[in-house]
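Trainee:
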Amino acid sequence: MGSDWNEWFDGFTVAHAVNGGILMTGTVADQAALHGIIRKVRDLGLTLVAVQRMGTHPEEPEMED
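Going by the numbering used here, the residue at position 54 of the sequence shown is 54; the numbering climbs one at a time, nothing skipped.
1. Applying the criterion that 16 or more other CB atoms from any shown protein chain within 10 Å of the CB defines a buried residue, is residue 24 buried or exposed?
2. Measuring only the C-alpha atoms, how far is residue 38 from residue 20?
3. Assuming residue 48 is part of the beta strand (DSSP E), what are its boundary residues?
Written as structure tokens, this is what we have:
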């Protein structure tokens, strides 16, 4: 997968990870949009390893209460 997939995945950044996997990062408007992205991953037959919620600024992980 390359940058040509960014538009198909609603503007997500698609990059190759060091471990040979694919790292997708992006923002979703709501739960329905998130489920749409996950559905596209499933429909392509890709293996979803993890979904991680990030803070507003990805370099600053959210703190747990």
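Using N, Cα and C, we set each Cβ at its ideal position, and we do this for glycine too.
Mentor: Judging by the given coordinates:
1. buried
2. Distance between the alpha carbons of residue 38 and residue 20 is about 20 Å.
3. Careful: residue 48 lies outside any beta strand (DSSP E) and carries neither H nor E.
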